[in-house]
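Just so we're aligned, residue 71 is where the sequence shown starts under our numbering, counting upward by one.
Think of the CB as a built atom: it goes at the ideal place given N, C-alpha and C, for glycine as much as any other residue.
Keep in mind the model is a prediction, meaning the values are calculated, not measured.
Structure first, then comments.
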Amino acid sequence: MTIVIAHRGASYLYPEHTRAAYDEAVAAQVDGFECDVRLLRDGEIICWHDATLNRTSNSSGLIFTRTWQEMQGIDAGSWHRSKRPQPPLRFIELLALAQIHRKSISIETKHPVPNGGAIEHKLAALLPAVDFQGSAARAPFRLMSFSLLAVERWRKLRPDIPAVYLLDHRLLSALPKVPVIGPGMGRLRRDPEIVARLHEQGYEVHVWTVDEERDVELCVKLGVEAIISNRPREVCALLGEIN
Numbered sequence: 071m072t073i074v075i076a077h078r079g080a081s082y083l084y085p086e087h088t089r090a091a092y093d094e095a096v097a098a099q100v101d102g103f104e105c106d107v108r109l110l111r112d113g114e115i116i117c118w119h120d121a122t123l124n125r126t127s128n129s130s131g132l133i134f135t136r137t138w139q140e141m142q143g144i145d146a147g148s149w150h151r152s153k154r155p156q157p158p159l160r161f162i163e164l165l166a167l168a169q170i171h172r173k174s175i176s177i178e179t180k181h182p183v184p185n186g187g188a189i190e191h192k193l194a195a196l197l198p199a200v201d202f203q204g205s206a207a208r209a210p211f212r213l214m215s216f217s218l219l220a221v222e223r224w225r226k227l228r229p230d231i232p233a234v235y236l237l238d239h240r241l242l243s244a245l246p247k248v249p250v251i252g253p254g255m256g257r258l259r260r261d262p263e264i265v266a267r268l269h270e271q272g273y274e275v276h277v278w279t280v281d282e283e284r285d286v287e288l289c290v291k292l293g294v295e296a297i298i299s300n301r302p303r304e305v306c307a308l309l310g311e312i313n
C-alpha cells in the first residue's frame with residue numbers, strides 16, 4: 071500500500087518547515103514527515119530548504135552563518151498565504167514530534183554546502199539506532215539527497231537507516247546501490263515506465279511532489295511505495311477512496 075509523506079509538513083496550508091505545518095500533517099493522519107535540513111554555525115540542525123533566509127522569513131542572508139540564538143527572533147511564517155507569524159523549527163523538535171505521534175521522517179540533506187558532509191555526520195550521531203527490516207517506506211527514518219556523495223556517505227555512516235537517491239534528469243545506469251529512488255512527479259508523467267524499471271532493479275520508488283488528483287491516481291496505478299505531498303490531507307482522503 072502507498073504511504074503518504076507530508077512535504078515540509080502540510081506546506082500548502084501552512085508555512086513550510088514550521089510546527090503548524092507538521093501539526094496539520096499529524097491531524098491529516100499522514101504516515102510520515104519530510105523535511106530539509108541545514109547546519110547552523112553553532113552546529114544546530116534546522117528544518118530549512120533554501121541556502122538563504124530570504125524566501126521564507128522576514129530576514130535575509132545565508133543560513134549557515136547564523137546560530138540558533140540568532141534565529142530566535144526570525145518570523146518564518148508571515149511570508150505564507152496564511153499570514154501568521156511562525157518561529158523556525160529545529161530538527162530535534164521535529165524528531166520529538168515524530169516520535170510522539172509515531173511518524174517516520176524522510177530527511178533531505180542539501181548539497182553543495184560550505185560545511186561539506188558535516189550534516190550527515192551530525193544526523194548519524196543524533197538519530198537513534200534502528201532495528202528494522204522490510205520496506206524502506208515503513209522505516210522510522212530515511213536519508214534523502216540529490217547528492218550521490220551524500221547518499222554513499224550515509225550508507226557507510228548509518229547502514230541501518232535507508233538512503234534515498236533523489237532523481238532529476240540522471241540516467242538509470244548511474245544509480246547507486248540504495249534501497250530507494252526518488253523521482254520527481256514531472257518525470258513520472260513523461261516516463262511512467264520508470265517505476266517498473268526501477269522495481270525490476272530492486273528499488274522502491276518514493277515520488278515527489280504529488281499534489282494533483284490525477285498524479286495520485288497515476289502513482290497508485292504504477293505501484294509507487296510512497297507519495298510525498300504538500301497537500302497530505304487531500305491525498306490521504308483520495309487514497310482512502312481508491313483503496
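I'd like to check one pair, Leu308 with Val294: are the Cβ atoms closer than 8 Å? no
Classify Gly310 as helix, strand or coil using the three-state DSSP reduction. If DSSP states are grouped into helix, strand and coil, Gly310 belongs with the helices.
Tell me the residue span of the beta strand (DSSP E) that contains Phe211. 211-215
Checking 8 Å against the spacing of the C-beta atoms, do Ala146 and Phe103 come in under that value? Cβ atoms of Ala146 and Phe103: not closer than 8 Å.
Tell me whether Pro253 sits in a helix, a strand or coil according to DSSP, three-state version. strand
If the criterion is Cβ atoms closer than 8 Å, does the pair Ile177 and Phe211 meet it? yes
With contact counted as at least three CB pairs below 8 Å, one residue from each stretch, are the stretch 215-227 and the stretch 166-181 in contact? yes
Distance, Cα to Cα, Arg257 vs His239? 8 Å
Complete runs of the beta strand (DSSP E) confined to the stretch 115-176 [at least 3 residues]: Inside the stretch 115-176, DSSP marks whole beta strand (DSSP E) runs of 3 or more residues at positions 115-117, from first to last along the chain.
Considering only residues of the same chain and omitting the five flanking positions on each side of Arg301, which have a CB-CB separation below 6 Å? Within the same chain, Arg301 has close Cβ partners Tyr82, Asp281.
Nearest-angstrom Cβ-Cβ length linking Trp138 and Arg160, presumed shorter than 8 Å: 7 Å
Straight-line Cα distance separating Gln169 from Gln203: 19 Å
DSSP three-state assignment for Asp93, whether helix, strand or coil: Judged by DSSP in its simplified three-state form, Asp93 adopts helix.
His276 to Gly143, Cα distance in whole Å? So the alpha carbons of these two residues sit roughly 36 Å apart.
CA-to-CA distance, Pro155 to Pro253, given in whole angstroms: 33 Å
Just the Cα atoms here: how many angstroms apart are Leu241 and Leu167? 37 Å
Which residue's Cα is closest to the Cα of Thr79: Ile189, Arg111, Thr72, Cys117? At residue 79 the sequence reads Gly, which differs from the Thr that was named. Among Ile189, Arg111, Thr72, Cys117, the Cα nearest to that of Gly79 is on Cys117.
Determine whether the beta carbon atoms of Cys289 and Ala98 lie at a separation below 8 Å. no
Report the option in Thr279, Glu304, Gly310, Glu283 whose CA atom is closest to the CA atom of Cys105. The shortest C-alpha separation from Cys105 is found at Thr279.
Quick one: grab the DSSP three-state call for Arg267. Note: Arg267 maps to helix in three-state DSSP.
Alpha carbon to alpha carbon, how far is Ile133 from Asn313? Distance from the CA atom of Ile133 to the CA atom of Asn313, rounded to whole angstroms, is 42 Å.
Got a sec? Which residues, its chain only, sit under 6 Å from Val96 by beta carbon, not counting five neighbours each side? His171
If you reduce the DSSP assignment to three classes, tell me which class Ile231 lands in. coil
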